[in-house]
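Take a look at the structure below.
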Amino acid sequence: MTDQYAVIGNPIGHTKSPLIHGLFAKETGQDITYTAIEGPIEPADAFAATVRTFIAAGGRGMNVTAPFKLQAFAIADERSERAALAGAVNAMKFENGRIIAENFDGVGLVRDIEVNLNQPMAGKRVLVLGAGGAVRGALLPFIAARPAELVVVNRDVRKAEALLAQVASSDPLIACGYRELDTMGQFDLVVNATSASLTGQLPAVAPSVFSPAGAAYELAYGKGLTPFLRLARDAGVQGIADGVGMLVEQAAEAFEWWRGVRPQTQAVIDRLTVPLE
Ligand code: ATR
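Numbering (the UniProt record's numbering), first residue to last: 1 to 277.
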């Protein structure tokens, strides 16, 4: 029987995952199906029941998107270190009735920045805006990239401090508020991992945080030139990008984890790219 995979979320109509995994399967010659499932919000245990039904019908793996990333974490039998720190899961593998859980959002992001955008983080000053779920998922891959300094700024500073306190690292990790940024100089890479762009808002960063030779990365995808990217562009930053590459790279990580073969990503990224302007 053809191996079955799916993405589960609610709403799910906007998802690009079936397209991405369909293109990966074609390119690598893997015989799989990949569908989109609108998961039930209520009752509370309905999500788990939907996953179990999918497994019983021959499901081999699932991607998980909002609002189920925490519930997927809760039902897992095994969790990777990345998923454990994030407290959230974006990919599951089903083996012998067990649910094995991963979180590839952060590795996908780091790979997009380092490989596709050619901005290696080692030895660089990196600034991350926000301390929500997106940053929790990305923290370990960011630290593994060995930046000279990793500054996590959040309106609610305690949230940034609590996040950094969870990781044991000898690297310089700094949690701070937006006002303190004024004295911190320029950063080689600035990543907007807040949800501000979803409502057209701009986190309170000054143009002086950007290094023109560096890069600015917006996690949101398909929103065009967000206020954050516009600020970076007007500050003369050469490398500006949104999260399309992250979306495709995290999918590639999951595909390789499930199928043991690494798909090419660039053609898929090109196909999904929405011009910023
Ligand atoms: P999720 O876990 O889904 O990512 P979240 O935990 O609500 O969502 O995180 C959203 C992040 O965006 C938070 O870091 C939030 O900052 P606070 O924790 O201080 O609220 C940040 N955020 C949202 N809107 C923002 C804005 N206009 N300016 C700056 N940060 C913003």
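Glycine residues also receive a C-beta, built at the ideal position from the N, C-alpha and C atoms.
Next item on the list: Pull up the CB-CB distance for Pro203 and Ala196, whole angstroms please, since I reckon it's below 8 Å.
Entry: Sure, about 5 Å apart at Cβ, within 8 Å.
Checklist line | Identity of the residue in Asn96, Val64, Ile99 nearest Val89 by Cα | finding: Measuring from the Cα of Val89, the nearest candidate turns out to be Val64.
Notebook entry, point to check: Is Ala6 helix, strand or coil when you go by DSSP?
Noted result: For Ala6, the secondary structure class from DSSP, reduced to helix, strand or coil, is strand.
Next item on the list: Would you check whether ligand 1 has a heavy atom nearer than 7 Å to the C-beta of Ala131?
Entry: Result yes, Cβ under 7 Å from ligand 1.
Note to self: Checking the sheet assignment: what are the DSSP bridge partners for Lys93?
What the structure shows: Answer by DSSP bridge pairing, in chain order: Gly61, Ile100.
Check: Beta carbon of Asn103, beta carbon of Ala86: below 8 Å?
Finding: Closer than 8 Å, so yes.
Next item on the list: State the CB to CB distance for the pair Ile32 and Tyr5, rounded to an integer number of angstroms; the pair is presumed to be in contact (CB under 8 Å).
Entry: That pair is a contact at about 6 Å.
Item checked: When Gly224, Gln166, Ser170 are compared against Glu149, the one with the closest alpha-carbon -> Of the candidates Gly224, Gln166, Ser170, the one whose C-alpha sits nearest the C-alpha of Glu149 is Ser170.
Next item on the list: Can you check the segment 227-277 for any beta strand (DSSP E) of at least 3 residues that lies completely inside it and give the ranges in chain order?
Entry: List check, beta strand (DSSP E) in window: 239-241.
Item checked: Arg179, DSSP secondary structure in three states -> Reduced to three states, the DSSP call for Arg179 is helix.
Margin query: Quick check: the Cα distance between Gly243 and Ala145, rounded to an integer number of angstroms?
Written below: Each residue's Cα considered, the two are about 18 Å apart.
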